[in-house]
Structure formats: C-alpha cells, structure tokens
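Trainee:
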Amino acid sequence: MIIMIAAVAQNNALGKNNELVWHLPNDFKRFKTLTSGHHIIMGRKTFESFPKPLPNRTHIVITRQKNYHPEGCIIADSIEKAIASCPENEDAFIIGGGEIYALGMPLADALEITCVHHDFEADAFFPEINTTDWKVTSEEAHSKDDKHLYDYTYLTYHRK
1 MIIMIAAVAQ NNALGKNNEL VWHLPNDFKR FKTLTSGHHI IMGRKTFESF PKPLPNRTHI
61 VITRQKNYHP EGCIIADSIE KAIASCPENE DAFIIGGGEI YALGMPLADA LEITCVHHDF
121 EADAFFPEIN TTDWKVTSEE AHSKDDKHLY DYTYLTYHRK
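Mapping of the sequence shown onto UniProt numbering: position 86 corresponds to residue 86, and the numbering continues sequentially without gaps.
1. Tell me whether the beta-carbon of residue 16 lies closer than 8 Å to the beta-carbon of residue 123.
2. To the nearest angstrom, how far is it from the Cα of residue 117 to the Cα of residue 145?
3. CB residue 95 to CB residue 41, shorter than 8 Å?
4. Give the DSSP bridge partners of residue 125, in chain order.
5. Identify the continuous beta strand (DSSP E) that holds residue 157 and give its terminal residues.
6. Taking residue 89 as the reference, give the member of 39, 104, 101 with the closest Cα.
7. Tell me, please, whether the CB atom of residue 132 is closer than 8 Å to any CB atom in chain D?
8. Give me, in chain order, the residues of the same chain whose beta-carbon lies closer than 6 Å to that of residue 47; leave out the 5 immediate sequence neighbours on both sides.
9. Quick one: which unbroken beta strand (DSSP E) runs of 3-plus residues sit fully inside the stretch 11–95? Chain order, please.
10. Please confirm whether residue 152 and residue 142 have their CB atoms less than 8 Å apart.
11. Is it true that the stretch 17–37 meets the stretch 104–121, where meeting means three or more beta-carbon pairs spaced less than 8 Å apart?
12. Measure the C-alpha to C-alpha separation of residue 132 and residue 159 and round it to an integer number of angstroms.
13. For residue 113, list the residues DSSP reports as bridge partners.
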C-alpha cells in the first residue's frame with residue numbers, strides 16, 4: 001500500500017523555509033512508529049532538511065539532479081520510479097514535501113494525517129483532500145498541553 005503521511009495545518013500548511021512551523025513530539029513518535037522498517041519516499045529538499053538519514057528506514061529520494069547520490073539512498077527521477085523501487089506487497093510511505101505530495105495524491109491508497117488545529121504562514125502546502133475520493137476511517141483527537149502548543153487530530157483516510 002502507498003501511504004502519504006504528513007502533519008498538516010488547518011490551512012494546509014506544511015512548513016516554511018524547508019522546516020516545520022510547529023513542534024508536536026507525539027506526532028514525531030507516531031511518524032517513527034508508522035514508518036520504521038519501511039521505504040520512505042521524499043523529495044531532495046525534504047531529505048536535506050534531516051540532520052542525518054532516519055534510522056531503520058530505506059530512503060528513496062526524488063530529484064532531477066543527475067549527479068545527486070547521497071550515501072545509502074535510492075535515487076529516482078519520478079514518483080512512479082520511486083514507487084517502483086519499493087517492494088511489492090509492503091507498505092511504503094510518501095513523506096513530502098509539498099510537490100511530492102501533489103504528485104503522490106493520485107497514486108496513494110491511504111493518508112495518515114496529523115491535522116494541526118491552527119493556521120500558519122507557510123511556503124509549502126499539502127494538496128486538498130477531496131472527500132469524494134477519500135473517507136476518514138480513523139480519528140483520534142488530542143488537546144494541547146505543556147509539550148504541544150496546538151490541538152491536533154490523527155486522521156486516517158482510505159481511498160473510496
């Protein structure tokens with residue numbers, strides 16, 4: 001299954017200047033739990049935003065740069081080639097950024113969204129989730145607390 005995973009603000013904001021604009025420790029834990037042991041597909045800028053490759057995951061980086069070969073990564077020049085690099089019958093996760101999510105939306109089977117209940121100024125956005133194509137199959141709300149400045153909800157969508 002191809003799963004897109006993202007933390008998305010109410011206004012579909014993802015981040016600004018290649019960084020997240022909020023800090024939700026529980027969302028990081030959920031991301032790690034869901035993606036560990038799997039292939040993760042991302043754009044070059046998303047990959048370069050990490051201090052180091054994420055442990056226990058196979059990184060597939062989509063780039064048009066011909067001489068881009070970070071150690072230990074699979075390189076693809078299209079979303080289709082990135083998906084084809086993943087083992088069949090195993091979950092693979094598309095993890096961003098905005099352009100890659102837009103390319104992945106028609107190819108995804110499921111969405112794992114953390115909806116951050118706030119609007120943010122951003123330069124990267126998640127594509128609109130068309131409710132004629134997607135159905136919420138799981139929902140788990142969380143209130144802000146001393147470690148989380150914003151209310152947030154985990155939403156799982158499956159293609160109708």
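Glycine included, each C-beta is placed from N, C-alpha and C at the ideal position.
None of the values given here were measured: they were computed from a predicted structure.
Mentor: So, from the listed chains and residues:
1. For this step, residue 16 is matched to residue 16 along the sequence shown. For this step, residue 123 is matched to residue 123 along the sequence shown. Against a cut-off of 8 Å, the Cβ pair of residue 123 and residue 16 comes out as a contact.
2. Here residue 117 refers to the residue found at position 117 of the sequence shown. Here residue 145 refers to the residue found at position 145 of the sequence shown. Rounded to whole angstroms, residue 117 to residue 145 spans 13 Å at the Cα level.
3. For this step, residue 95 is matched to residue 95 along the sequence shown. For this step, residue 41 is matched to residue 41 along the sequence shown. Cβ distance < 8 Å, so residue 95 and residue 41 count as in contact.
4. Indexing the sequence shown from 1 puts residue 125 at position 125. Beta-bridge partners assigned by DSSP to residue 125: 13.
5. In the sequence shown, residue 157 corresponds to position 157, counting from 1. First-last of the beta strand (DSSP E) with residue 157: 152–159.
6. By one-based count along the sequence shown, residue 89 stands at place 89. Considering only 39, 104, 101, the residue with the shortest C-alpha distance to residue 89 is 39.
7. As a matter of chain content, chain D is missing from the structure shown, which is built from one protein chain.
8. What you label residue 47 is simply residue 47 of the sequence shown in a count that begins at 1. Cβ within range, chain order: 61.
9. Counting only runs that start and end inside the stretch 11–95, the beta strand (DSSP E) elements of at least 3 residues fall at 13–15, 39–43, 58–62, 74–76.
10. As a working note, residue 152 is residue 152 in the sequence shown. As a working note, residue 142 is residue 142 in the sequence shown. Here residue 152 is near residue 142, since their CB atoms are less than 8 Å apart.
11. Counting Cβ pairs under 8 Å, three or more are found: they touch.
12. Along the sequence shown, one-based indexing puts residue 132 at 132. Along the sequence shown, one-based indexing puts residue 159 at 159. Each residue's Cα considered, the two are about 9 Å apart.
13. On the sequence shown, residue 113 is found 113 positions in, with the first residue counted as 1. Residue pairing for residue 113: DSSP places it in a beta bridge opposite 6, 155.
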